[in-house]
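To start, the structure under review is shown below, and the notes come after it.
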Amino acid sequence: MKVVVFGMNHRSAPVEIRERFAVADVGPALRKLVDRPEIGEAVLLSTCNRVELVATTPNPDAAQHVLLDFFARELAGGDLPSKSSLRDMTYLRVGREAVEHVFRVASAVDSMVVGEPQILGQVKDAYRAAAEAGTCGAVLSRLFQRAFATAKRVKNETGIAERPVSVARVAVLLAKQIFETLEDKRALLIGAGDMIEAALIALHDHGLGSRRVVNRTRAHAEALARRFDGTAHGLDELDALLPECDVVLACVGGTGPILTRERIEASLRRRHDRPLFLIDIGVPRNIDPAVHEIDSAYLYDLDDLQEVADSNEEERRREVARAEHIIVEEREHFEGWLVALQAVPTIRDLTRRAESIRKGEVERFAGRLGLDEPRRELLEQLTRAIVAKLLHAPVSRLRDETDREAGLIRLEEARVLFALDEPAGSGGRGDSDEPEPNP
Amino acid sequence: MYEFEHIAAALYLAAGAGAILGLVLPAPRMLIGARIGLVVGALVQAVAFATLHRLDPPPALTDLGVAIAVMAWLAVVFGLILSTRIRLPGFLPALAFAAFLAAFGATLSGSGGDAATEASGSIPHAHVLLSSAGLAALGLAGLAGLFFLLEHRSLKRRRKLARRLPLPSLEALDRVNRVALALGFPLLTFGVVTGVLWNEARSGRVLGGGLHETWTVVAWLIYLGLVALRFVGHQGARQAAASALAGFAFLVFAVVGVGLVS
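Keeping their order, the protein sequence lines are chains A and B.
Going by this note's numbering, the first residue of the first sequence is number 1128, and it counts up by one from there.
Going by this note's numbering, the first residue of the second sequence is number 358, and it counts up by one from there.
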């Protein structure tokens, strides 16, 4: 039984294709998939950047056809690309590659934004949905548990998720270098566009105290203020609001700076020079750059924030190499477990075969020798002890080898040497030709 | 005493190194370990002070090494207390290294009885303890000021913003500065007052006119001005940081440097 991953992601297919494969209710589709003999277990991961099926199969080649067909028939909505172009946009990972891929995805190493925190939650949701649908068995359960553990290790042992890579998060990071906490801070938002909203969401997530939205069009300010539990104001109230705010975000259309050095100096005097953090994400800029020269004013524009974000992203990419080491380690652990799992039937077959031979021979000889019950019991004990001692070494070796790659080869060898795949009675019957024991 | 002082110095050094590693890697457990190291170091140093009297001869009250060690110990205690209320990453390692240098330095300086300082009564002891406590608190204010200026400079220059070690926020450093100044100035004042009383008991005069006395009074007057600016004049945070640093440098010169120069 091999683990396979089949799917498409942000590198292999454009968003207009990926979005056609988004599935809301994965349960029925997954149940249909595992009904196919080529597929053992299945989990479907569907996010905005990837649609992937993680499955177990005894035959990866056959599974690829089944999974491609499943993508085309069950998952696709709307107009479909041809099957051949769909094949070009998808990928299949088998065995160790598939395991590492799942670990990479869960650890956000394979994400568009390396180290992003959302993917782990999405992988957990996908696993939960498959478990509820009953399509996730022992192998995939173990695989996903290891994937979650790997993600945790990668997060804790590398700096992959340390530094913010979005402009909005960088703004929060800078705010935290100025303020001890954001909870008692007041933000003044000049403008009500998407950029302001993104920055506001990031600040809101970090517990920003209260917000005042100022905009030329008061209705837009009111709409944004309502969503974030703030208050809306007109631009004419700016001078009254400035002294009571600690964070200023500006992104509003216009030709010249709205906040001049003199205006900021006047408001700082009224707030006894308590620090003021200003973020200017407007183009052209809304805040006079000379404001940064004032001691208690810390002004950053879009370029400053973007530079930090780019640098952090570069830092995260450097951490990928460390994450890969962890992924390989965890993949080896998982493979060890998988081989151990596969050793169980071999060991069981071996002991059954030995027991069957032992019983047959005891039966035969006890009849020939005309043994009474106590002697027969002695013979039973003797043969049981011999079989146990003979099997002890090979069984232990099969178990001990399970954490190595060679374990799989040894399992195969054991099956051939002990004729475990041949029908009972077809192998090891030379015993009838053995000389009869002396009475 | 010196065995305990050595152990305390080693613990401070380990705590400082651990905290730096914890910040760089970053490894939160290492930071917790460093904090524990600092606490244990402070406890061991307390034992070292408690066993001072067993030295033969016991160190004089004016022994510079011991005074610096007491000051460092108090600074560690103040710093640990403040860090329970204010987030101070990167601040404690600096404190730990400073405490290591002070504790280790105390073991290197010689000590011995000094008839002139073996005064009876509690005033000399109160003077040394209160002055050391004041210096420790004002030292913390100076350290916070130094950190503030470094952080402020980095934020103003907008350079290497992405690659900086996590340091305390400007607001946290300003709070440490304010609290330490509010605590340190009264302690220094009591130290000066008890010094005057001691001087009077010893020589019959309020001010001996010695360099140490004169410079210390000047330093106290400077701090009086700084406190007024800070708490009455609403001095800006950067100016307050620079003042705390400059004030402490002057105070150290007045208390220690003058004696060395003369």
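All residues carry an ideal CB built from backbone N, CA and C; glycine is no exception.
Since the structure is predicted, the reported quantities are computational estimates derived from the model, not experimental observations.
Quick check: residue i and residue j, are their CB atoms within less than 8 Å of each other?
i	j	result
A391/B	A366/B	no
L445/B	V401/B	no
L1219/A	F1148/A	no
H636/B	G552/B	The requested residue 636/B is not part of the displayed model; chain B covers only 358 to 619.
E620/B	A460/B	Nothing about residue 620/B can be reported from this structure: the residues present for chain B run from 358 to 619 only.
R1511/A	R1480/A	no
P1187/A	V1226/A	no
A453/B	L495/B	no
L1315/A	L1351/A	no
A1235/A	F1275/A	no
V1294/A	L1429/A	yes
V1150/A	V1181/A	no
D531/B	A603/B	no
R1273/A	F1461/A	yes
R1398/A	P1416/A	no
R1338/A	G1361/A	no
T1262/A	G1134/A	no
V1292/A	N1136/A	no
N1413/A	I1391/A	no
V1340/A	A1319/A	yes
R1163/A	V1193/A	yes
L524/B	Y580/B	no
G1167/A	A1256/A	no
R1524/A	A1470/A	no
V563/B	N556/B	yes
H591/B	D1400/A	yes
G398/B	L388/B	no
L568/B	V615/B	yes
A1493/A	L1506/A	yes
Counting along the chain, where does the beta strand (DSSP E) carrying residue i start and finish?
i	result
G1134/A	1129-1136
D1428/A	1424-1428
G1361/A	1358-1361
N1342/A	1337-1342
R1220/A	1218-1221
E1179/A	1177-1184
V1172/A	Checking the displayed sequence, the identity of residue 1172/A turns out to be Leu instead of Val. Element bounds for L1172/A: 1169-1173.
F1404/A	1403-1407
V1375/A	1374-1377
L1316/A	1313-1317
Thinking residue i and residue j are a contact (beta carbons under 8 Å), I'd like their distance in whole angstroms, please.
i	j	result
G498/B	A601/B	Position check: residue 498/B holds Ala in this sequence, whereas Gly was assumed. A498/B to A601/B, Cβ: 4 Å. Contact.
S440/B	K1303/A	Actually they do not touch by this definition, with Cβ atoms about 17 Å apart.
A490/B	L431/B	5 Å
A1581/A	L1171/A	Summary: the structure shown does not reach residue 1581/A, with chain A confined to residues 1128 through 1566, and so no result is reported for it.
R587/B	A597/B	5 Å
L512/B	Y1425/A	5 Å
F1271/A	R1458/A	Their Cβ separation, rounded to whole angstroms, is 14 Å, which puts F1271/A and R1458/A out of contact at 8 Å.
L409/B	I480/B	Rounded, the Cβ-Cβ distance is 19 Å, inconsistent with contact.
L506/B	A451/B	Their Cβ separation, rounded to whole angstroms, is 13 Å, which puts L506/B and A451/B out of contact at 8 Å.
Note the first and the last residue of the continuous alpha helix (DSSP H) segment covering residue i.
i	result
D1252/A	1245-1260
A424/B	421-442
R1290/A	No alpha helix (DSSP H) contains R1290/A, which DSSP labels as neither H nor E.
A1156/A	1153-1161
N534/B	527-560
L1498/A	Looking at the DSSP string, L1498/A is not in any alpha helix (DSSP H), and its letter there is neither H nor E.
G1286/A	That residue, G1286/A, is in no alpha helix (DSSP H); it is neither H nor E in DSSP.
L586/B	568-588
V1240/A	From DSSP, V1240/A is part of no alpha helix (DSSP H); its letter is neither H nor E.
I1144/A	1142-1145
D413/B	Careful: D413/B lies outside any alpha helix (DSSP H) and carries neither H nor E.
H484/B	480-514
V396/B	385-407
Chain C partners of residue i, CB-CB under 9 Å?
i	result
R535/B	Looking at the structure shown, chain C is missing, and the protein chains on hand are A and B.
Cβ contact check for the segment 1474-1490 of chain A and the segment 1443-1450 of chain A: 3 or more pairs under 8 Å: no
Compile a chain-ordered list of the residues in the segment 430-442 of chain B whose CB is closer than 7 Å to at least one CB of chain A. none
What are the residues in the segment 587-599 of chain B lying within 9 Å of chain A by C-beta distance? H591, Q592, G593, A594, R595, Q596
Residues from the segment 1302-1315 of chain A in contact with chain B, defined by Cβ distance under 7 Å: K1303, Q1304, I1305, F1306, E1307
Decide yes or no for the touch test of the segment 1172-1180 of chain A against the segment 1234-1249 of chain A: beta carbon pairs closer than 8 Å, at least 3 of them. yes
Indicate whether the contact test is met: 3 or more Cβ pairs, each with one atom in the segment 1360-1376 of chain A and one in the segment 1395-1412 of chain A, closer than 8 Å. yes
The segment 1447-1459 of chain A in contact with the segment 1282-1294 of chain A per 3-pair CB rule at 8 Å: yes
For the segment 1401-1425 of chain A, enumerate the residues whose C-beta is nearer than 9 Å to any C-beta of chain B, in chain order. R1401, P1402, H1419, E1420, D1422, S1423, Y1425
Are the segment 1296-1310 of chain A and the segment 1318-1336 of chain A touching, with three or more C-beta to C-beta distances below 8 Å? yes
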